[in-house]
Amino acid sequence: MAKREKFSRQKTINEDDDITYINERNRRFNEKIGRFYDKYTREIKENFER
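Residues are numbered in the working numbering as their position in the sequence shown, beginning at 1, plus a constant of 26.
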């Protein structure tokens, strides 16, 4: 039981994804906001990266 309380697994960060954040807090914010707005901003982002 004592081992289980000390153990915590960190989520893996995909190294192949674009880096759109400046720190960990901003990364989490971008993920949350992306869940809702990505479907609207996908085309704009693709045109911008050309």
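Backbone N, C-alpha and C fix where the C-beta goes; we use that ideal spot for every residue, glycine too.
Compute the Euclidean distance between the alpha carbons of F33 and R54, then round it to the nearest angstrom.
22 angstroms
Taking the straight line between their C-alpha atoms, what separation do you get for K65 and N56?
14 angstroms
Residue span of the alpha helix (DSSP H) that contains Y47, given as start and end
Premise fails: Y47 is in no alpha helix (DSSP H) and is neither H nor E.
Going straight from the alpha carbon of E69 to that of Y63, what length do you get?
11 angstroms
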